[in-house]
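Going by my numbering, the sequence shown opens with residue 1, and the numbers climb by one from there.
All C-beta atoms in this analysis are idealised placements derived from N, C-alpha and C, irrespective of residue type, glycine included.
Remember, predicted model here, so these are calculated numbers, not experimental data.
Here is the structure we will look at.
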Amino acid sequence: MSKIFNVGVIGAGRIGKIHIENLIHHIPGIKLKIISDININDELTQWVNQLGIPKLTDDATDIFKDPDINAVIIASSTDTHAKFIQKAAQAKKHIFCEKPLDTNVKRIKETIAITRKENVSLMIGFNRRFDKNFRRLYEVINSGQIGKPHIVKITSRDPAPPPIEYIKISGGIFIDMSIHDWDMARFLANSEVEEVYANGAVLINPDIGKAGDIDTAVAVLKFKNEALGIIDNSRQAVYGYDQRAEVFGSKGCVIADNRPSNTIEIYTNEHIRKDKIPYFFLERYRNSYINELIFFFDCLKKNIDPSPNGEDGLQSILIAKAAQKSYNDNRPVKISEIDQ
1 MSKIFNVGVI
11 GAGRIGKIHI
21 ENLIHHIPGI
31 KLKIISDINI
41 NDELTQWVNQ
51 LGIPKLTDDA
61 TDIFKDPDIN
71 AVIIASSTDT
81 HAKFIQKAAQ
91 AKKHIFCEKP
101 LDTNVKRIKE
111 TIAITRKENV
121 SLMIGFNRRF
131 DKNFRRLYEV
141 INSGQIGKPH
151 IVKITSRDPA
161 PPPIEYIKIS
171 GGIFIDMSIH
181 DWDMARFLAN
191 SEVEEVYANG
201 AVLINPDIGK
211 AGDIDTAVAV
221 LKFKNEALGI
231 IDNSRQAVYG
241 YDQRAEVFGS
251 KGCVIADNRP
261 SNTIEIYTNE
271 HIRKDKIPYF
281 FLERYRNSYI
291 NELIFFFDCL
301 KKNIDPSPNG
311 EDGLQSILIA
321 KAAQKSYNDN
331 RPVKISEIDQ
């Protein structure tokens, strides 16, 4: 395969712009040829022109029809992901798609089947796997230094809730927020989840409850390798973006803690103080977005399947739906109940 990739990007919102800038400034062997977005305005047009991208269009079909484009980055709204993956696959283009792949299990399976039929690569953007701290966590576990994993603990808390209008259409906390945590739990445990028991409450904003969601949640996971998982989520941590993980095993324990914004410590006669942790995901995971794209194109160059892939996207949605059902029914729910 050629080591030069002609790329089209679908979606130029917040995440799309991150990927676009990373492609241009950090990914070697890339020619970004077309950007597609349904909301084209003067500001976006000027930004695209400043970056030297040849074409901006409001029709993603322009990307699929371009014979020179061999890879597509999908960063559009969730409800378009499966449709665009299928069209890209049928146009014989390799695909990197933001999470989630979709929220409908049947549609996810159909989409994966199409990518396999067309023999194209599909990678899902679970960027936290490419964070240097969580990657090191995985390496330590995989090396056997802490023995067999017994307990996987993940804390994931946002600094502030999203707008209520977003919550109404997001699919709920178990899909729009916890989706990364389901993937990270599987990644660290090196095992599929067998059962979920989830509970939650509205402790931050009553309007979130009125919108049909919760803002605080805890889930207990049972893995097929007999390990257990504990995940806690909150939509508001007043001190910043709280991202921690710990894996306890038969021979020891490994922990990834929050990183402060800098290494400064202030010593006075009244206190010893550090600066706060990063405020949100753009600051905390900036490099992981670069690393995942480097990995994706490296896999294409070497003709190997990238990971996380479509199956990883499917498993995360199955866990999310099991968690929602567990919360609704107030009981443990097996993944097999969802994946029938």
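Open item on the list: Quick check: A82 and I53, are their CB atoms within less than 9 angstroms of each other?
Closed with: no
Open item on the list: Judging by CA-CA distance, which residue of K210, D329, A219, V105 is the nearest neighbour of K153?
Closed with: A219
Open item on the list: Given this structure, state the Cα-to-Cα distance separating G310 from D176, to the nearest angstrom.
Closed with: 17 angstroms
Open item on the list: Would you call the region 195-214 in contact with the region 120-130, where contact means no fewer than 3 C-beta pairs closer than 8 angstroms?
Closed with: no
TODO: State the DSSP-derived secondary structure class of S36, mapped to helix, strand or coil.
DONE: strand
Open item on the list: Rounding to the nearest angstrom, what Cα-Cα distance links H19 and K148 in this structure?
Closed with: 36 angstroms
Open item on the list: Please list the terminal residues of the continuous beta strand (DSSP E) segment that includes S234.
Closed with: 228-234
Open item on the list: If distances are taken between C-alpha atoms only, which option among A89, T103, R136 comes closest to K117?
Closed with: A89
Open item on the list: In the DSSP output, what is E98 paired with across the bridge?
Closed with: G125
Open item on the list: For G229, count the other beta carbons within 10 Å of its own beta carbon; 16 or more makes it buried, fewer makes it exposed. Which is it?
Closed with: buried
Task: Bounding residues of the alpha helix (DSSP H) (the contiguous stretch that carries Y267) - done: Looking at the DSSP string, Y267 is not in any alpha helix (DSSP H); the run it does join, the beta strand (DSSP E), is 265-267.
TODO: Whole angstroms is fine: what's the gap from S156's alpha carbon to A91's?
DONE: 38 angstroms
Open item on the list: Which complete alpha helix (DSSP H) runs does the region 150-208 hold, if anything under 4 residues is left out?
Closed with: 164-169, 173-176, 179-189
Open item on the list: Does T268 pass the burial test, meaning 16 or more other C-beta atoms within 10 Å, or should it be called exposed?
Closed with: exposed
Task: Every unbroken beta strand (DSSP E) inside the region 236-322 [3 residues or more] - done: 242-249, 253-256, 265-267, 272-274
Open item on the list: If contacts are defined as beta-carbon pairs under 8 angstroms, then F223 and A198 qualify, I think. What distance do you get, rounded to the angstrom?
Closed with: About 15 angstroms separates the two Cβ atoms, so there is no contact after all.
- [ ] May I ask which residues mark the beginning and end of the beta strand (DSSP E) holding A113?
- [x] First-last for A113: 105-117, but that is the alpha helix (DSSP H), not the beta strand (DSSP E).
Task: N233, buried or exposed, once every other Cβ within 10 Å from all chains shown has been counted against 16 - done: buried
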